[in-house]
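This report refers to the structure that appears directly beneath it.
Protein chains: 2
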Amino acid sequence: MFERELLKGSLGLMLMALIEQGPMYGYLIAKEIRALTDDVIDLKEGSLYPALHRLEKEGMIEGFWQRREDGVDRRYYRITAAGQAVLDERRAQWSRFSAAVSKVVSDAPSQ
Amino acid sequence: MFERELLKGSLGLMLMALIEQGPMYGYLIAKEIRALTDDVIDLKEGSLYPALHRLEKEGMIEGFWQRREDGVDRRYYRITAAGQAVLDERRAQWSRFSAAVSKVVSDAPSQ
DNA sequence: TTCTATACCTTGTATAACAAAGTATCCTTT
DNA sequence: AAAGGATACTTTGTTATACAAGGTATAGAA
């Protein structure tokens, strides 16, 4: 699949950008991304949860359990100071990178 | 490395977009991409040549050897009809995808 | 003679998205 | 009461691909 490969490298960035806005849990993040992108990006569980664990292990985000009234547990994440710094960096990198690809890809045919 | 993962999925697209403009060979493609992107994207040989072989095997591009006066051989590639169709598709997909990521990433913090 | 540029190739490694399976609760539909 | 779907999280194994690092070979400049 092609989409799958496009996603590599930008998923962590998207997760951090959403968590930056306030504590969020995995399932909600996936819904948010689908809503924001009109289903262009439909995150699978096998990508989402490992990615969150990865970011947590790297110290970019920190998770905490929160029990709902009905007894269901949710794992919320918030961004760390280190994560915020890396996020800023990666956001800039994404801008540079996507502009670079777009330039190569949509370069007018030589005439 | 982060850049490395960002590149996944968009490399084939860039190669095809450049080859679309006229027959090109690997080494020149790498130089073109560096020049166009101000070195933001610096393609390594271990990525470039396997990617070209992949595209050729998939029938997206076709290669042919051309001997220079000094005896050096170059492998030029041109895009195929099938490749052109796939390129158009992937170009559109890249637009959708990059816009989607940018939207999630630069979404204004809730205020 | 050594270095850089040109020009291609290949093997092995690391990473990460995802399919597919599992656990568990709640609510609605049949 | 049973079945299905949504919610919510987890894990194992597979697959794809960028790249490091090695190789071959020629030409020209330092």
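Chains A and B, in that order, give the protein sequences. Read in the working numbering, the first sequence has 42 at position 42, and its numbers run on one by one without any break. Read in the working numbering, the second sequence has 1052 at position 52, and its numbers run on one by one without any break. We treat Cβ as the ideally placed atom computed from N, Cα and C, and that holds for glycine. What you are looking at is a predicted structure, and each value in this text was computed from that prediction instead of being measured.
Could you have a look at residue i and say whether DSSP puts it in helix, strand or coil?
i	result
I1019/B	helix
Please compile the residues from chain B whose C-beta is within a distance smaller than 8 Å of the C-beta of residue i.
i	result
S47/A	The contacting residues do not exist; S47/A stays about 13 Å from chain B at best.
I41/A	F1097, A1100, V1101, V1104
Closer than 7 Å, CB to CB, is residue i near chain B or not?
i	result
A100/A	yes
A17/A	yes
R34/A	no
E5/A	yes
Which bits of chain A does residue i rub up against, with CB to CB less than 8 Å?
i	result
R1091/B	V105, S106
W1094/B	L6, V101, S102, V105
Using a Cβ-Cβ distance under 7 Å, would residue i count as near chain A?
i	result
G1009/B	yes
M1014/B	yes
Should residue i go down as buried or exposed, given a rule of 16 or more other Cβ atoms within 10 Å for buried?
i	result
R90/A	buried
S1095/B	exposed
E1020/B	buried
S10/A	buried
V1105/B	buried
Y77/A	buried
G12/A	buried
G83/A	buried
M1001/B	Reliability fails at M1001/B, whose pLDDT of 47 lies under 50, so the model's placement of it is uncertain and the value that follows must be treated cautiously. It is exposed - the Cβ of M1001/B has fewer than 16 other Cβ atoms within 10 Å.
List the residues of chain B whose Cβ lies closer than 7 Å to the Cβ of residue i, in chain order.
i	result
T37/A	A1100, K1103, V1104
Please give the ranges of any alpha helix (DSSP H) in the stretch 37-111 of chain A, keeping only runs that are unbroken, at least 4 residues long and fully inside the region. Counting only runs that start and end inside the stretch 37-111 of chain A, the alpha helix (DSSP H) elements of at least 4 residues fall at 45-57, 81-105.
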